[in-house]
């Protein structure tokens with residue numbers, strides 16, 4: 087059994103554990119923000135009122151994803167059967183990945199493309215960076231604990 091087969095076999099277990107932890111540890115505000123961030127880079131930040139962060143994530147991740155698609159000839163977004171490791175890397179891309187897959191699923195490889203793997207890397211990296219954005223929005227949406235004596239007001243934190 088190869089390493090990629092082990093990862094693919096354990097993937098459903100990791101997803102189930104992650105979803106269980108997400109539902110157990112999060113509040114409703116965090117859940118909505120993370121689902122929005124998964125759906126489109128920056129959407130969760132925008133919903134929380136962090137428009138500058140939302141623009142940053144959207145303007146960095148979406149063009150990187152699209153550049154990867156262009157470099158690979160729009161053939162890099164695929165289901166598990168064709169490219170298992172890239173499909174796992176592209177899963178945090180959310181609706182961006184789903185729309186790209188639906189739009190390009192009928193395309194066929196007609197010639198060799200020297201930039202194909204670079205395109206896969208760009209799109210996969212953009213999707214994995216969206217996972218970091220999802221972690222950031224989770225943290226931002228966390229309700230502060232009361233009675234700790236610390237403040238979370240951003241106006242008081244700036245000099």
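Residue numbers (the numbering used here): 87 to 245.
Quick reminder that beta carbons are idealized off the backbone N, C-alpha and C, glycines included.
Just so we're clear, the structure is a prediction, and the values are computed from it rather than from any experiment.
- Counting only runs of 4+ residues, the alpha helix (DSSP H) found wholly inside the region 163–195 occupies 170–176 and 181–190, in chain order.
- Apart from sequence neighbours up to five positions away, the residues of its chain that approach residue 116 with a beta-carbon distance below 6 Å are 224 and 227, ordered along the chain.
- Residue 124 sits away from residue 191, with the two beta carbons spaced by 7 Å or more.
- Contact between residue 179 and residue 151 holds, with the beta-carbon distance rounding to 7 Å and staying under 8 Å.
- When secondary structure is reduced to three states using DSSP, residue 228 falls in the coil class, being assigned neither helix nor strand.
- Between the C-alpha atoms of residue 161 and residue 217 there is a straight-line separation of about 22 Å.
- Taking 7 Å as the cut-off, the Cβ atoms of residue 205 and residue 154 count as close.
- Using a Cβ-Cβ distance cut-off of 8 Å, the region 162–176 and the region 197–211 are in contact, since at least three pairs of beta carbons, one from each stretch, lie closer than that value.
- Rounded to the nearest angstrom, the Cβ distance from residue 175 to residue 166 is 12 Å, too far for a contact under 8 Å.
- One alpha carbon belongs to residue 198, the other to residue 157, and they sit about 12 Å apart.
- Classified as exposed, residue 99 has fewer than 16 neighbouring CB atoms from the shown chains inside 10 Å of its CB.
- Here residue 198 carries a coil assignment [DSSP, helix/strand/coil].
- By the neighbour-count criterion, in which a residue is buried when 16 or more other Cβ atoms sit within 10 angstroms of its Cβ, residue 120 is buried.
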